[in-house]
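2 protein chains.
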Amino acid sequence: MANQTRDQKLEGLLSSAAREFALRGYDRTSMRDLARASGVSLAGVYYYVQSKEELLFLIQSRNFEAVIAGMRDALRGVTNPVERLQRFIDNHLDYFATHMAEMKVLSREADALEGEFLQRVNDMKRLYTRALMDVLADIEKTHGPAHANRRVAAYSLFGMMNWIYTWYDPLGDVGVELLSQNICRLFLGGYVGLPVSETALSRGGAG
Amino acid sequence: MANQTRDQKLEGLLSSAAREFALRGYDRTSMRDLARASGVSLAGVYYYVQSKEELLFLIQSRNFEAVIAGMRDALRGVTNPVERLQRFIDNHLDYFATHMAEMKVLSREADALEGEFLQRVNDMKRLYTRALMDVLADIEKTHGPAHANRRVAAYSLFGMMNWIYTWYDPLGDVGVELLSQNICRLFLGGYVGLPVSETALSRGGAG
DNA sequence: GTTGGAGTTGAACGAGCGTTCGAAGCCCCA
DNA sequence: TGGGGCTTCGAACGCTCGTTCAACTCCAAC
Numbered sequence: 042m043a044n045q046t047r048d049q050k051l052e053g054l055l056s057s058a059a060r061e062f063a064l065r066g067y068d069r070t071s072m073r074d075l076a077r078a079s080g081v082s083l084a085g086v087y088y089y090v091q092s093k094e095e096l097l098f099l100i101q102s103r104n105f106e107a108v109i110a111g112m113r114d115a116l117r118g119v120t121n122p123v124e125r126l127q128r129f130i131d132n133h134l135d136y137f138a139t140h141m142a143e144m145k146v147l148s149r150e151a152d153a154l155e156g157e158f159l160q161r162v163n164d165m166k167r168l169y170t171r172a173l174m175d176v177l178a179d180i181e182k183t184h185g186p187a188h189a190n191r192r193v194a195a196y197s198l199f200g201m202m203n204w205i206y207t208w209y210d211p212l213g214d215v216g217v218e219l220l221s222q223n224i225c226r227l228f229l230g231g232y233v234g235l236p237v238s239e240t241a242l243s244r245g246g247a248g
Numbered sequence: 042m043a044n045q046t047r048d049q050k051l052e053g054l055l056s057s058a059a060r061e062f063a064l065r066g067y068d069r070t071s072m073r074d075l076a077r078a079s080g081v082s083l084a085g086v087y088y089y090v091q092s093k094e095e096l097l098f099l100i101q102s103r104n105f106e107a108v109i110a111g112m113r114d115a116l117r118g119v120t121n122p123v124e125r126l127q128r129f130i131d132n133h134l135d136y137f138a139t140h141m142a143e144m145k146v147l148s149r150e151a152d153a154l155e156g157e158f159l160q161r162v163n164d165m166k167r168l169y170t171r172a173l174m175d176v177l178a179d180i181e182k183t184h185g186p187a188h189a190n191r192r193v194a195a196y197s198l199f200g201m202m203n204w205i206y207t208w209y210d211p212l213g214d215v216g217v218e219l220l221s222q223n224i225c226r227l228f229l230g231g232y233v234g235l236p237v238s239e240t241a242l243s244r245g246g247a248g
């Protein structure tokens, strides 16, 4: 509480803002709510951020960047297409489960942004979607024709993964590993008829 | 335009309100926007509806009721568990695709309601989720143990189906039949390892 | 031709919104 | 001790919001 750098304070503001946005929704949350939740005055918020919309943009873009960076790390050096997909899913769900508020805001407030803010987030979405579809294409090369249209399959997988903000409780009786394993199986089994074994789904050694 | 009953005018109001809510979001759409879009004065809206929240409730509950009624019709007399699931998915996606605005509002503005309005919609959700999980339980009885936790599977399927409000264009090159077929395959293949054939997925004869 | 209720309206209300700004507090260095 | 730049704040601005209400039009019934 005592001596934080400007960056640390912005970080804290973004974190409590994400919590509030996740709770009440972006539009129903006022700057006064955010000020109260983060322990500064209303005007104080504007010292760290230019507008409410920038606040939302920072939450969305920073977390999306982290997801993308995590995916790159998770896929680096992995050549087996199925394992690449498993790691893609694993990274997505893992980050989602450990940043529920932020990812709920990213999923639900998708079109609250406008102009350049919106464009920059949409660019990330395109990049990320492209990455998944490339993985799917690789899988098709090694496992024969898929049982579903690739684009439909990609968006269906995103649907399974992003929809969790409406029901999943990371502290409940379904752990992230089980969740990730289940979604991996559901998707892989349906997409290329792969009956994924227990062991094949456990996470590999080196990240 | 000339002589409509009160009910028809309310219907028209709900329809244009759904379109506006889907476009801009519930909170960002003002009662003045709705008045303009439906061609009455601001005060005129309040002759048909008690509040903005009731407007949202009516959109959500009426359409959810229609989805549930459609499901009951689709499942009536069908005993094969897999076919029951296919019809469940088919009904959901078909209604979604023909009522994109309304279903987007139902999916996205899930917690904009409060109090009794919220409770009544949530009751419908519980009922509908229960119905799907019962179908899944039947499938497990006839096709052996599932490859995923039943609850996770159910919510994943809802995720695939509801997420389409973020990307699906009913007028695009992916028709509803193909969409439904793809999602059926993805789910069934992953849930019980069923390689669903072309013909088995075509819709049955009598409804 | 008058009555009365259904439908519609313009104008206003109070409240809350995002944002701004001048001033005050704070703390390090001279 | 004093100056100066970060940091914080109370108070206000202009605007839009959801909602209300008295007054109006219209038309069928008497």
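Those sequence lines, one after another, are chains A and B. The first sequence lines up with residues 42 to 248 when you count with this note's numbering. The second sequence lines up with residues 42 to 248 when you count with this note's numbering. Each residue gets a CB set at the ideal place from its N, CA and C atoms; glycine is no exception.
Taking a contact as a CB-CB distance under 8 Å, the pair residue 229/B and residue 231/A counts as one, their CB atoms being some 7 Å apart.
Within the region 92-169 of chain A, the runs of alpha helix (DSSP H) that reach at least 4 residues and sit entirely inside it are, in chain order, 93-116, 122-139 and 141-149.
Between residue 193/A and chain B, the shortest Cβ-Cβ separation is below 7 Å.
In this structure residue 98/B touches residue 158/B by the C-beta definition: roughly 4 Å separates them, less than 8 Å. Cβ proximity to chain B below 8 Å picks out 223, 224, 226, 227, 228, 229, 230, 231, 232, 234, 236 and 237 from the region 223-238 of chain A. In this structure, residue 176/B places its C-beta atom within 7 Å of the C-beta atom of residue 129/B.
Put simply, the CB of residue 68/A is near chain B, with a gap under 7 Å to one of its CB atoms. Restricting attention to 51/A, 65/A, 120/A and 102/A, the CA atom closest to the CA of residue 183/A is found in 120/A. Here the alpha carbon of residue 234/A sits roughly 12 Å from the alpha carbon of residue 123/A. In terms of beta-carbon proximity, residue 121/A stays away from the interface with chain B, with every pair separated by 7 Å or more.
Chain order gives no chain A residues near residue 97/B, where near means a beta carbon separation below 8 Å; the closest approach is about 13 Å. Taking C-beta atoms as the reference points, residue 223/A and residue 115/B fail to come closer than 7 Å. Check the Cα spacing between residue 145/A and each of 83/A, 101/A and 173/A: the tightest is with 101/A.
Going by beta carbons, residue 59/A and residue 151/A fall outside the 7 Å limit. Out of 113/B, 187/B, 82/B and 207/B, the CA that lies nearest to the CA of residue 171/B is found in 113/B. Contact of residue 201/B with chain A is assigned, a C-beta pair being separated by under 7 Å. Its Cα nearest to that of residue 107/B, the residue 134/B stands out among 134/B, 91/B and 88/B. Taking 7 Å as the cut-off, the Cβ atoms of residue 148/B and residue 206/B count as close. When Cβ-Cβ separations below 7 Å define contact, residue 196/B makes contact with chain A.
The beta carbon of residue 189/A falls within 7 Å of a beta carbon belonging to chain B, placing the residue at that interface.
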